[in-house]
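Student: In terms of my numbering, the numbers along the sequence shown are unbroken and rise by one, the last being 210. All C-beta atoms, glycine included, are put in the ideal place defined by N, C-alpha and C. All values reported here derive from a predicted model rather than from experimental measurement.
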Amino acid sequence: MKEVQARAEALKVGESIIIQTAVRILVPFIQIFGLYVIVHGHYSPGGGFQGGVILGASFVLIALAYDLKYSMNYMSERVNIILGNTGALIFVGTGVLCALFGGLFLDYAALDALIPLGPVEWRSFGIFIVEVGVGLAVMSIMVSLFWDLSSNGGLDEGL
52 MKEVQARAEA LKVGESIIIQ TAVRILVPFI QIFGLYVIVH GHYSPGGGFQ
102 GGVILGASFV LIALAYDLKY SMNYMSERVN IILGNTGALI FVGTGVLCAL
152 FGGLFLDYAA LDALIPLGPV EWRSFGIFIV EVGVGLAVMS IMVSLFWDLS
202 SNGGLDEGL
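#1: Short of 7 Å in beta carbon distance, which residues of its chain neighbour A161, apart from the five on each side in sequence? Order them along the chain.
#2: Let me make sure I understand the geometry here. Which of W198, K120, I141 and L77 has the alpha-carbon closest to that of G99?
#3: Report the rounded CA-to-CA distance for T72 versus M123, giving the unit in angstroms.
#4: Which same chain residues end up closer than 7 Å to V104 when comparing Cβ atoms and leaving out the 5 residues on each side of it in sequence?
#5: For Y117, which three-state DSSP category applies?
#6: List the whole-angstrom C-beta distance separating S112 from V74, where the pair is believed to meet the contact cut-off of C-beta under 8 Å.
#7: Using beta-carbon positions only, say whether G93 and E172 come within less than 8 Å of one another.
#8: DSSP three-state call for I166: helix, strand or coil?
#9: Tell me, to the nearest whole angstrom, how far the beta carbon of G180 is from that of T145; I am working on the premise that it is less than 8 Å.
#10: Anyone know if the C-beta pair for A114 and S195 falls short of 8 Å?
#11: For A108 and K120, what's the separation of their Cα atoms in angstroms?
What follows is the structure, encoded as structure tokens:
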């Protein structure tokens, strides 16, 4: 049994240069599309959650085509934690700022007291800020869940 496993590891069974090349070419376009969905989410269908899932799926695709350690070269566990916490902080911080300036939680018109753009403009810009925060948090959580489930919590080897 160990002999078969050693031979399979030596041959790198399961790797496909066609799949790896396709993933290497497609991932930047997938990530740009994910950013597009986040940025235009307050004007059109999409938003932070959908864009975050698309961004997270691009990292999962890298891990499936190569391996877990290779995908962690693109985004380390530390960077993933920082991005997830930053996303949550952007969301909550925007809501707290609205409340501090006399509005309700996530009442973006209250931010007009901070920088006078007008209530309508602040509603549009506030939604954009929140969508960015949600996108970062969702991407981070999705990647973390995949890493943990695929490596049985050890992050040493994946699927």
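Tutor: Quick answer:
#1: C149, F152, G153 and G154
#2: I141
#3: 18 Å
#4: V189 and M193
#5: coil
#6: Looking at the sequence itself, residue 112 is Leu, so the reference to Ser does not match. With a Cβ gap of about 6 Å, L112 and V74 count as contacting.
#7: The sequence as given places His at residue 93; Gly does not occur at that position. Cβ distance not < 8 Å, so H93 and E172 don't count as in contact.
#8: coil
#9: A small fix is needed here, since residue 180 is Ile in this sequence, not Gly. Confirmed, about 5 Å.
#10: no
#11: 16 Å
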